[in-house]
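Input: a single structure, listed below in structure tokens.
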Amino acid sequence: MTTPIKVFTLATCPHCTRAKDYLDEHNIPYDAVNVDFLSGEERNQVMDTVRKYNPEVTFPTIVIGSTVIVGFRSEQIEAALKELGGD
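Heads up: the sequence shown begins at 85 in our numbering, then just goes up one per residue.
Here it is in structure tokens:
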């Protein structure tokens with residue numbers, strides 16, 4: 085798959101863990117950003133990015149191509165991947 089998947093998470097968020105576990109179990113490559121591990125300007129920039137995708141800034145925020153999924157919703161992840169031509 086050529087389109088990267090970005091997962092914005094918090095280390096203490098159980099829904100974030102479930103989302104990453106789901107992607108791992110299905111061998112779907114993704115880039116995870118643990119927002120709570122960031123600080124200073126880097127954290128501010130990432131929070132601005134998350135806010136653009138998800139104005140309520142809740143986690144996980146998953147970006148697959150042009151699709152934004154807020155929370156862990158396996159059926160939405162599957163649909164977004166199919167739209168990209170994935171499995």
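Backbone N, C-alpha and C fix where the C-beta goes; we use that ideal spot for every residue, glycine too.
On a predicted model such as this, the values are computed, not experimentally measured, just so you know.
- V141 sits in coil when the DSSP states are folded into three classes, being neither helix nor strand.
- A direct Cα-to-Cα measurement between A163 and K136 gives close to 22 Å.
- In the structure shown, N118 falls within a strand segment according to DSSP collapsed to helix, strand and coil.
- In this chain, the beta strand (DSSP E) harbouring T151 covers 151-154.
- In the DSSP assignment, I89 falls within the beta strand (DSSP E) that extends over 89-93.
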